[in-house]
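**Student:** Can you read through this structure? Questions will come right after.
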Amino acid sequence: MAPRVVSVEADGGSRGNPGPAGYGAVVRDAETGEVLAERSESLGTATNNVAEYQGLIAGLTAAAELGAAEVDVRMDSKLVVEQMCGRWQIKHPGLRPLAAKAAGLVGRFAAVRFAWIPREQNRHADALANAAMDAAAGRPPSAPKTGQPPATPATGSDPATAPASWEPRPSFTATRLILVRHGETEYTEQRRYSGRGDVPLSEKGRAQVRATGARVAELAPSVGAVLSSPLSRCTATAASIAEALGGDVPVRTEDDLIECDFGQWEGRTFTEVRERWPGEMDAWLASPRIAPPGGESFTHVAERAHRVVTGLLTAYPGETVVVVSHVSPIKLMLRDALAAGDGFLHRLFLDAAGISVLDMWPDGGVAVRTVNDTAHLTKID
């Protein structure tokens, strides 16, 4: 029977950076410490960071092959851990494809948690990586340090004699946020800026939110809370979702989820704004710190959205929460979850009644599962 939770210890290195490189990865049963799989490979000439990412990819691949549901990743690479948790940007173009591949593997599990550990606690994977580097350099394998396991395939181990690199880790459950944009309004259909004006759902919008409620109920039979912007297009959407969930979860309005204040642009189309405020529009598109005339900047909206997310992680740890809001707050939550740049805000399109899903762990790990899912709306004219 496949273990539900495994730990992956991974390491990689290069003699020369770049130079002869290799990686090592060890998969253990998270409860017993038994070694379930080892992976190591020489990479020819590569950098330390490339080798470390390759070690992570190999470990996650092995965990997936074992059928694990949850993974605790333990690495002594601060860079890889912070980038995979979304706290550091991936600036080197050579690492982005590797990070994307690792993220794709992360999505195959119910939960993946990343933790940095000192090198001395990662000795098993380090030994495998060093043997791979020796092979890449054409040398005989390095002798292991005292107390360090040899870089040879293992069939298993007794927890009482497991190497010091293994320590049981507590199992954490992610808090899942189901982000829902409100259903269509008259302004939505006409592509008009719709901020603080309380524009109600259109007939089509009411049909959309009924379908959205059914979809959310499929995704999350158990929900800790349904939060909504105070504007009626959101509260009506949230009420439909709450009803589909059985009516047991009340809708709570949250002022910080209200749409961006578009000031003098409210109710106007992009073309109208471009014609009347060309300079202001260019400045607004160039920086989230710039607000429309008489309105609110995306930087301020981001602060509000961050408060909401932080509060939900504290109030509903390990639970699922439905958040019904508008384009701007949802985009900013997704931007931060994906560690994306500001250009993301004007490149991502969110449909009315679209659903996005993200998981957030206590250690800072984030997994964006879905962005703008509209499959439930295909039968609506």
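Heads up, our numbering is the position in the sequence shown plus 916, with the first residue counted as 1.
All C-beta atoms in this analysis are idealised placements derived from N, C-alpha and C, irrespective of residue type, glycine included.
Since residue 1000 contacts residue 1030 with CB under 8 Å, what's their CB separation in whole angstroms?
**Tutor:** For the purposes of this step, residue 1000 is identified with residue 84 of the sequence shown, where counting begins at 1. For the purposes of this step, residue 1030 is identified with residue 114 of the sequence shown, where counting begins at 1. Yes, they are in contact, since the Cβ atoms of residue 1000 and residue 1030 sit about 5 Å apart, within 8 Å.
**Student:** What is the residue span of the beta strand (DSSP E) that residue 1029 lies within?
**Tutor:** Stepping through the sequence shown from its first residue, residue 1029 is reached at position 113. Where residue 1029 is concerned, the enclosing beta strand (DSSP E) stretches over 1027 to 1032.
**Student:** Against chain C, does residue 929 count as a neighbour if the rule is that its beta carbon must be under 9 Å from one of theirs?
**Tutor:** The chain labelled as chain C is not found in the depicted structure, where only one protein chain is given.
**Student:** Kindly identify the DSSP beta-bridge partner or partners of residue 956.
**Tutor:** Locating residue 956 in the sequence shown gives position 40, counting from the first residue. Answer is 940, bridged to residue 956.
**Student:** Going by the CB atoms, is the gap between residue 1228 and residue 1143 shorter than 9 Å?
**Tutor:** Translated into positions along the sequence shown, residue 1143 becomes position 227. Translated into positions along the sequence shown, residue 1228 becomes position 312. Yes, they are a contact pair.
**Student:** Would you tell me roughly how many angstroms separate the C-alpha atoms of residue 1042 and residue 1126, rounded to the nearest one?
**Tutor:** Here residue 1042 is taken as the residue at index 126 of the sequence shown, counted from 1. Here residue 1126 is taken as the residue at index 210 of the sequence shown, counted from 1. Between residue 1042 and residue 1126, the C-alpha separation is close to 54 Å.
**Student:** Please state whether DSSP places residue 1285 in a helix, a strand or coil.
**Tutor:** Residue numbering aside, residue 1285 sits at position 369 when the sequence shown is read from its first letter. Looking at residue 1285 - three-state DSSP - the assignment turns out to be strand.
**Student:** Would you kindly check if the distance between the Cβ of residue 932 and the Cβ of residue 967 is under 9 Å?
**Tutor:** Here residue 967 corresponds to residue number 51 of the sequence shown, with the count starting at 1. Here residue 932 corresponds to residue number 16 of the sequence shown, with the count starting at 1. It is not a contact, given that the beta carbons lie outside the stated cut-off.
**Student:** Use the C-beta contact count for residue 1040: other C-beta atoms within 10 angstroms, 16 or more gives buried, fewer gives exposed.
**Tutor:** The residue labelled residue 1040 in the question sits at position 124 within the sequence shown. The residue in question, residue 1040, is buried, as its Cβ has 16 or more Cβ neighbours within 10 Å.
**Student:** Hey, would you say residue 1281 sits closer than 9 Å to residue 1178, going by beta carbons?
**Tutor:** In the sequence shown, the residue the question calls residue 1281 occupies position 365. In the sequence shown, the residue the question calls residue 1178 occupies position 262. Not a contact, by the Cβ cut-off of 9 Å.
**Student:** Among 1132, 1099, 953, 1117, whose alpha-carbon lies nearest the alpha-carbon of residue 982?
**Tutor:** Within the sequence shown, numbered from 1, the residue matching residue 982 stands at position 66. Among 1132, 1099, 953, 1117, the Cα nearest to that of residue 982 belongs to 953.
**Student:** When you compare each of 1278, 1149, 921, 1265 to residue 1231 by their alpha carbons, which one comes out closest?
**Tutor:** Here residue 1231 refers to the residue found at position 315 when the sequence shown is read from its first residue. Of 1278, 1149, 921, 1265, the residue nearest in Cα terms is 1278.
**Student:** Assuming residue 1035 contacts residue 992 (C-beta within less than 8 Å), just tell me the rounded distance between them.
**Tutor:** Counting from 1 along the sequence shown, the entry for residue 1035 is found at position 119. Counting from 1 along the sequence shown, the entry for residue 992 is found at position 76. Confirmed, about 4 Å.
**Student:** When you compare the CB positions of residue 979 and residue 922, do they come within less than 9 Å of one another, or not?
**Tutor:** Here residue 979 corresponds to residue number 63 of the sequence shown, with the count starting at 1. Here residue 922 corresponds to residue number 6 of the sequence shown, with the count starting at 1. Yes, they are a contact pair.
**Student:** Give the DSSP-derived three-state secondary structure of residue 1163 in the structure shown.
**Tutor:** The count along the sequence shown starts at 1 and reaches residue 1163 at position 247. Reduced to three states, the DSSP call for residue 1163 is coil.
**Student:** So, for residue 1287: in the same chain, excluding its five sequence neighbours on each side, which residues have a beta-carbon less than 7 Å away from its beta-carbon?
**Tutor:** For the purposes of this step, residue 1287 is taken as residue 371 along the sequence shown, with counting starting at 1. The residues are 1250, 1272.
**Student:** Just to confirm, is the Cβ distance from residue 1243 to residue 1097 under 9 Å?
**Tutor:** By 1-based counting over the sequence shown, the position of residue 1243 is 327. By 1-based counting over the sequence shown, the position of residue 1097 is 181. Their beta carbons are under 9 Å apart, which means residue 1243 touches residue 1097 by this criterion.
**Student:** Alpha helix (DSSP H) containing residue 1218: first to last residue?
**Tutor:** As a first step, residue 1218 must be located in the sequence shown, where it is residue number 302. First-last of the alpha helix (DSSP H) with residue 1218: 1214 to 1231.
**Student:** So for residue 973, helix, strand or coil by DSSP?
**Tutor:** Numbered from its first residue, the sequence shown carries residue 973 at position 57. Of the three classes helix, strand and coil, the one that applies to residue 973 here is helix, per DSSP.
**Student:** Taking Cβ to Cβ, would you say residue 1196 is nearer than 9 Å to residue 1206?
**Tutor:** Here the question's residue 1196 lines up with position 280 in the sequence shown. Here the question's residue 1206 lines up with position 290 in the sequence shown. Contact flag set, yes.
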